[in-house]
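In the order they appear, the protein sequences are chains R and G. At position 447 of the first sequence (counting the first as 1) the number is 472 in this note's numbering, and the numbers step up by one without a gap. At position 51 of the second sequence (counting the first as 1) the number is 118 in this note's numbering, and the numbers step up by one without a gap. Just so you know, even glycine gets a beta-carbon here, dropped at the ideal spot from N, CA and C.
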Amino acid sequence: MRTWAPPAALLATAGAGFVALLWLWLAGGGEINVPWAPTLDLRLHLRLDGLAAMYALMATGVAVPVFLFAWRYLPHHLAEQGRSVREQPRFYALLGLFMVSMVGLALAQDLILLFLFWDLTAVASYLLIAYDRDDPEARRAALMALLVTAITAVALLIGTLLLYDRYGTFSLPELFRVAESSTTVTVAAALIALAALAKSAQVPFHFWLGRAMAAPTPVSAYLHSAAMVAAGVLLIGRVYPLLERSPVLLDALVVAGFASMLVGGVLALSRDDLKQVLAYSTFSQYGYVVFLYGLGGESGVGAAAFYVVTHAVAKCALFLTAGAVTRATGAQRLSELGGLGRRMPVVAAGSLACAATVASLPLTVGFFADELLFKAALERGWVFAAMALLIAVLTLAYMARFWTGLFLGAPRTEAGPVPAAMVAPVGALGAICLIAGLVPAPFAAIAQDAATPSLLAAVPVEARYYLDLRAENLLALATFALGALVYAAHRAVPAAAAAVARLGERLGPERAYTAGLAALNGLSDRVHDLEVRDFRGRVTAIFLPSGVLFALAFVLTPTLGAYAVGSFSLGDLPLVLMLGFAGAVAVAATRPRGHLTMVLTLGTVGFALAVVYALLGAPNVALVAVLVETIVALLFIGVLSLIPREVLRSQMRATRERRGTRFRDPAVGLVAGATVFVLVWGGLSRTGGEGDAAGRLTELAPEAHADNVVTAILADLRALDTLGEITVVAVALLGVTKLLRRGRLW
Amino acid sequence: MSSVVTRVVARMLLAPILVVAIAILVKGFTDVGDGFSAGVVAALGILLQYVTLGREEVERTLPVRLLPHAAFVALLGALAVALVPLLRGDPILTHYPPAGAEVTTVGKLELMTAVAFDAAVFVLVLGAVVGIVHAVARAYEEMETT
Numbered sequence: 026m027r028t029w030a031p032p033a034a035l036l037a038t039a040g041a042g043f044v045a046l047l048w049l050w051l052a053g054g055g056e057i058n059v060p061w062a063p064t065l066d067l068r069l070h071l072r073l074d075g076l077a078a079m080y081a082l083m084a085t086g087v088a089v090p091v092f093l094f095a096w097r098y099l100p101h102h103l104a105e106q107g108r109s110v111r112e113q114p115r116f117y118a119l120l121g122l123f124m125v126s127m128v129g130l131a132l133a134q135d136l137i138l139l140f141l142f143w144d145l146t147a148v149a150s151y152l153l154i155a156y157d158r159d160d161p162e163a164r165r166a167a168l169m170a171l172l173v174t175a176i177t178a179v180a181l182l183i184g185t186l187l188l189y190d191r192y193g194t195f196s197l198p199e200l201f202r203v204a205e206s207s208t209t210v211t212v213a214a215a216l217i218a219l220a221a222l223a224k225s226a227q228v229p230f231h232f233w234l235g236r237a238m239a240a241p242t243p244v245s246a247y248l249h250s251a252a253m254v255a256a257g258v259l260l261i262g263r264v265y266p267l268l269e270r271s272p273v274l275l276d277a278l279v280v281a282g283f284a285s286m287l288v289g290g291v292l293a294l295s296r297d298d299l300k301q302v303l304a305y306s307t308f309s310q311y312g313y314v315v316f317l318y319g320l321g322g323e324s325g326v327g328a329a330a331f332y333v334v335t336h337a338v339a340k341c342a343l344f345l346t347a348g349a350v351t352r353a354t355g356a357q358r359l360s361e362l363g364g365l366g367r368r369m370p371v372v373a374a375g376s377l378a379c380a381a382t383v384a385s386l387p388l389t390v391g392f393f394a395d396e397l398l399f400k401a402a403l404e405r406g407w408v409f410a411a412m413a414l415l416i417a418v419l420t421l422a423y424m425a426r427f428w429t430g431l432f433l434g435a436p437r438t439e440a441g442p443v444p445a446a447m448v449a450p451v452g453a454l455g456a457i458c459l460i461a462g463l464v465p466a467p468f469a470a471i472a473q474d475a476a477t478p479s480l481l482a483a484v485p486v487e488a489r490y491y492l493d494l495r496a497e498n499l500l501a502l503a504t505f506a507l508g509a510l511v512y513a514a515h516r517a518v519p520a521a522a523a524a525v526a527r528l529g530e531r532l533g534p535e536r537a538y539t540a541g542l543a544a545l546n547g548l549s550d551r552v553h554d555l556e557v558r559d560f561r562g563r564v565t566a567i568f569l570p571s572g573v574l575f576a577l578a579f580v581l582t583p584t585l586g587a588y589a590v591g592s593f594s595l596g597d598l599p600l601v602l603m604l605g606f607a608g609a610v611a612v613a614a615t616r617p618r619g620h621l622t623m624v625l626t627l628g629t630v631g632f633a634l635a636v637v638y639a640l641l642g643a644p645n646v647a648l649v650a651v652l653v654e655t656i657v658a659l660l661f662i663g664v665l666s667l668i669p670r671e672v673l674r675s676q677m678r679a680t681r682e683r684r685g686t687r688f689r690d691p692a693v694g695l696v697a698g699a700t701v702f703v704l705v706w707g708g709l710s711r712t713g714g715e716g717d718a719a720g721r722l723t724e725l726a727p728e729a730h731a732d733n734v735v736t737a738i739l740a741d742l743r744a745l746d747t748l749g750e751i752t753v754v755a756v757a758l759l760g761v762t763k764l765l766r767r768g769r770l771w
Numbered sequence: 068m069s070s071v072v073t074r075v076v077a078r079m080l081l082a083p084i085l086v087v088a089i090a091i092l093v094k095g096f097t098d099v100g101d102g103f104s105a106g107v108v109a110a111l112g113i114l115l116q117y118v119t120l121g122r123e124e125v126e127r128t129l130p131v132r133l134l135p136h137a138a139f140v141a142l143l144g145a146l147a148v149a150l151v152p153l154l155r156g157d158p159i160l161t162h163y164p165p166a167g168a169e170v171t172t173v174g175k176l177e178l179m180t181a182v183a184f185d186a187a188v189f190v191l192v193l194g195a196v197v198g199i200v201h202a203v204a205r206a207y208e209e210m211e212t213t
């Protein structure tokens, strides 16, 4: 395959998707609502409302520059690691999956469907973060992202099921109509919000986001601006009508959002690695959004939506800037970089516009975002306005540190050329930030539309310059002044911030995560050791617990009349003798002998049982038993021939000499055998009556055009089971070829 | 290597064994047998050739190398039988003709999708066993040479 084909196809898909979604949105939206699994009340319900349009447009729109960037970035990236360019399609396929699942998530109106896409984004991000699979750091980061977001996704599922249990529907519009303010709704909404906060990397789940920077740059850019992290606030916006019903939850959102803004801002100030600075900035910025949702009301929700769009555009460009800079210089730390403004004028200008957007300077679209933030905060009270001010100052300071650190001052490194495809996206996104700073109407329109589904009512979102001394403007002026001060003191500030960051690392939630993971790993290892030390141990690990559990079940259930003793006639003598023979051979099989002897002994048990089936008038089962015993014994011998004779012998000796095994193995066999005996006895005592599944199947056989009940069951009545079983056979074939022939089928 | 008599008898037995296997498959719905048993019988017939004639001769004279691949094709076939009813709006694994309808028969063979499913089981089991036998035989040879 040509190397340009996959990225080009993906670019075309993203572009076409963007145009199609935009057209559909301008045409007033669209809806698909078809039953998917009607017996489970599941519907494939996708609707392009304002909120969906905003996130879907972000996912496809931001994808275009990211894919364009990746096109140039990836071959270089792979070459650096000595990997083949043939690994490219996988990357693009995963990015495509990420994009599609994000669009699906934005459109989903059914909670189960939402959950599905939710986990799909987690899976896609896991594979993308771990794309450099030889890098243990990347693998660890990917696992962390997956665990944090997927375990909390269970909270989303539980919340969904709580709501379903109460209201009998998964459909969100339906739920908004019927749900009232009750404890169930509060608990469910809290669980859903928990999942959303983890996905958006809010405190205390923020640690995964910083680690996720181990991913290739295009992935980071996409994940941070328009996909994974945005999914969290998308969910909050989507279920906002439920959240709104309990003020406690909104207050919790304010707290979580503020904590995230603060921690993110401080950490962003303290980091030296470019991508880390941006990662913590993202986390802080999504804190803004959560904070705004928590403030609530028309201005809060409207501002939240506006914030998300501006952030997506700006943050994407900043990540690409970091990628381009690293490509040009090979350095990725602020302390190693500087003075690149002359060397990379387009990147510098583009990222200046975007950094200014994040820092909310006038003439960029970010300015309106902060105006809306201050307006919403002021409506709630001066304390909230003070919080907003504090965060805005921090943001301005770390953004200034980032940009000036890169592009101003004396050059410290050599800068090589950077392909135009990596520069152009930064410039274009910067231009968008500036144009929208002058004409913010399109951004305001989409934010306004996006706030509507959250409040179930149209919300005015106004973005314009007021040249007067209203409180918002004063706060903005205060931000610039204080931000400049903090930046001026920027030698001292990062030191202080770094001290805080170190404290956080020492006591923070990442430690809890690491400790929890280590404990789980240890537990799993111990169980594993216990179970698979040798084959007998493994059999014991299955037989003993199941035997004990079954025994418990028997003790606890009423036994009166459950065990019938049938009659016995002389004609049954062959049957009894054969059963006795089978039992005797089975007992003999417990004595350790040579491996071949054991195989043949077990085969003898099987053949004896086949005779029993034949005597009972079940020729079909008897035939299968004979055939299976034959083929298994033969394959066993074949496999035994692969093991060197000395190994077999020493194994045998070891088993014989190990203390305790002499009585342990027969005892285990006895417990398991006795339990199965009682189980079968109980089952056979209940033939006839309503529990008689075998009888029902026999009656059904003629309807399957069969005289042979067994075949009818295998191929028709229980064909799904058969399908599963033959799949197992096929997988077993694959397993054998993998083990013996390194995967070659022939 | 086995004696001439064993080799000749094994050669001669292959065709009857395969005929029996096909019979077990074809008569599965009206008489004793099913696709699984038929697959194992056929596989035993081929295993007999491996044991008496040796791997190389069997694989030179019989088209067995296709069988492991056929196993996966058969799995796809079984899946197709399972999923085609979805296109007609029925639950998966609905067999045609439905209960109560007339079934065309050719001798003891009933022409219905359940038999096709059973045939897929036959091919899969045969292919899987032959694949495993081949893998074990090759691994044994490799062990001998090293």
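Nearest to R/G327 by CA position, among R/A513, R/I471, R/D66, is which residue? If we check each option's Cα against that of R/G327, R/I471 comes out closest.
In chain order, what residues of the segment 733-749 of chain R put their CB closer than 9 Å to some CB of chain G? Answer set for the segment 733-749 of chain R: N733, V735, T736, A737, L739, A740, D741, A744, L745, T747, L748.
Is it buried or exposed for R/D746, if we count other Cβ within 10 angstroms and need 16 for buried? Classification for R/D746: exposed.
Determine whether the beta carbon atoms of G/V99 and R/L665 lie at a separation below 8 Å. No, Cβ-Cβ distance for G/V99 and R/L665 is not below 8 Å.
Ends of the beta strand (DSSP E) at R/A62? Boundaries of the beta strand (DSSP E) harbouring R/A62: 56-62, taken from the DSSP string.
Determine whether the Cβ of R/D64 lies closer than 8 Å to any Cβ atom of chain G. Note on identity: in this sequence residue 64 of chain R is Thr, with Asp being the wrong assignment. R/T64 does not count as touching chain G.
Out of curiosity, what's the CA-to-CA distance linking R/A613 and R/A697? Spanning the two alpha carbons is a distance of roughly 16 Å.
Which term fits R/P478, buried or exposed, when burial requires 16 or more other beta carbons within 10 angstroms of its beta carbon? With a 10 Å radius around the Cβ and a threshold of 16 neighbouring Cβ atoms, R/P478 comes out buried.
Which chain G residues are close to R/S666, counting only those with a beta carbon under 7 Å from its beta carbon? The contacting residues are Y207.
Measure how close the beta-carbons of R/V366 and R/F432 come, nearest whole angstrom, since I'm counting them as under 8 Å. One point to set straight first is that residue 366 of chain R is Gly, not Val, in the sequence displayed. That belief holds up - the Cβ atoms of R/G366 and R/F432 are roughly 4 Å apart, short of 8 Å.
Does G/D101 have its Cβ less than 8 Å from a Cβ in chain R? Chain R, which has a Cβ nearer than 8 Å to the Cβ of G/D101, makes this yes.
Rounding to the nearest angstrom, what Cα-Cα distance links R/G257 and R/A215 in this structure? Straight-line Cα distance between these residues: approximately 13 Å.
Could you have a look at R/S206 and say whether DSSP puts it in helix, strand or coil? Residue state, collapsed to three classes: coil.
Would you grab the beta carbon distance between R/F775 and R/A246 for me? Rounded to a whole angstrom, and I think it's under 8 Å. Missing from the structure shown is residue 775 of chain R; chain R here goes from 26 to 771 and no further.
Assuming R/H101 is part of the alpha helix (DSSP H), what are its boundary residues? Its alpha helix (DSSP H) spans residues 75-105.
Which partner residues of G/V173 appear in the DSSP bridge assignment? When beta bridges are read from the DSSP output, G/V173 appears opposite G/L176.
Run of the beta strand (DSSP E) containing R/H70, from where it starts to where it stops: Where R/H70 is concerned, the enclosing beta strand (DSSP E) stretches over 67-72.
Looking at G/I91: is its Cβ nearer than 8 Å to the Cβ of G/A105? The answer is yes: Cβ separation under 8 Å.
Counting only runs of 4+ residues fully inside the segment 127-176 of chain G, write out the alpha helix (DSSP H) ranges in chain order. With a minimum length of 4 residues, the continuous alpha helix (DSSP H) runs that stay inside the segment 127-176 of chain G are 134-154.
Tell me, please, whether the CB atom of G/F189 is closer than 8 Å to any CB atom in chain R? The beta-carbon of G/F189 is placed no less than 8 Å from the nearest beta-carbon of chain R.
Where R/A133 sits in the DSSP three-state scheme: Here R/A133 carries a strand assignment [DSSP, helix/strand/coil].
Short CB-CB distance (under 8 Å) between G/G95 and chain R: With 8 Å as the cut-off, G/G95 counts as an interface residue toward chain R.
Residues of chain R with CB under 7 Å from G/G121, in chain order? The premise fails here: G/G121 is roughly 14 Å from chain R at the closest Cβ pair, so nothing lies under 7 Å.
Excluding five sequence neighbours on each side, which residues of the same chain lie with their C-beta closer than 6 Å to the C-beta of R/G262? Hits under 6 Å: L76, S479.
Classify R/I154: buried if its beta carbon has 16 or more other beta carbons within 10 angstroms, exposed otherwise. With 16 or more neighbouring CB atoms inside 10 Å of its own CB, R/I154 falls in the buried class.
Can you give the beta carbon distance from R/A131 to R/A81, rounded, assuming they're within the 8 Å contact cut? For R/A131 against R/A81, the beta-carbon gap comes to about 4 Å, under 8 Å, which counts as contact.
Determine the chain G residues that contact R/V644 at a beta-carbon separation under 7 Å, and present them in chain order. Note on identity: in this sequence residue 644 of chain R is Pro, with Val being the wrong assignment. Listed along chain G are V99, each with a C-beta nearer than 7 Å to that of R/P644.
Determine, using beta carbons only, whether G/M79 comes closer than 8 Å to chain R. False, the Cβ-Cβ gap to chain R never drops below 8 Å.
Helix, strand or coil at R/R767 [DSSP, three-state]: Of the three classes helix, strand and coil, the one that applies to R/R767 here is coil, per DSSP.
Return the CA-CA distance between R/V87 and G/F189, expressed in angstroms with no decimal places. Approximately 52 Å between the Cα atoms of the pair.
Using C-beta distances below 6 Å, list every residue in its chain close to G/A149, excluding the 5 sequence neighbours before and after it, in chain order. Non-local C-beta neighbours of G/A149 in its own chain, meaning closer than 6 Å and more than five positions away in sequence, comprise I159, L160, ordered along the chain.
Simplified DSSP assignment, three categories, for G/Y207: In the structure shown, G/Y207 sits in a helix (DSSP, three-state: H, G or I).
Residues in its own chain within less than 7 Å of R/L695 by CB, not counting five upstream and five downstream? If we look at R/L695 and ignore the five residues flanking it on each side, it has no Cβ neighbours.
Give the secondary structure of R/L317 by DSSP, where H, G and I count as helix, E and B as strand, and everything else as coil. R/L317 falls in the helix class under three-state DSSP.
Excluding the five sequence neighbours on either side, which residues of its own chain have a C-beta within less than 8 Å of the C-beta of R/E654, listed in chain order? Correct list, in chain order: G628, G631, F632, A635.
Using the Cα positions of R/V443 and R/G452, report the straight-line distance between them to the nearest angstrom. Annotation: R/V443 to R/G452 spans about 13 Å, alpha carbon to alpha carbon.
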